[in-house]
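> Take this structure first; my questions come after.
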Amino acid sequence: LYRRLSKDYERSTKSAETMIQITMIHIMLKKLSK
-17 LYRRLSKDYE
-7 RSTKSAETMI
3 QITMIHIMLK
13 KLSK
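With our numbering as the guide, the letters of the sequence shown map in order to residues -17 to 16.
Here it is in structure tokens:
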């Protein structure tokens, strides 16, 4: 059970990191397009 929870946690943190990266890229593109 614990191992499965840690795996889910790792996956959620990775997806959160990618979400942050995507958001940062969008902000950069908006600034560049101005």
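Just so you know, even glycine gets a beta-carbon here, dropped at the ideal spot from N, CA and C. Owing to the predicted nature of the structure, the values given are computational and were not obtained by experimental measurement.
Quick one: Cα of ILE4 to Cα of TYR(-16), how far?
30 Å
> Measuring only the C-alpha atoms, how far is LYS(-9) from MET1?
Per the sequence presented here, residue -9 reads as Tyr, with Lys not at that position. Going from the Cα of TYR(-9) to the Cα of MET1 covers about 15 Å.
> Would you report the Cα separation of THR(-5) and ARG(-14), rounded to the nearest angstrom?
C-alpha separation (whole angstroms): 14 Å.
> Can you grab the Cα-Cα spacing for the pair HIS8 / SER15, in whole Å?
10 Å
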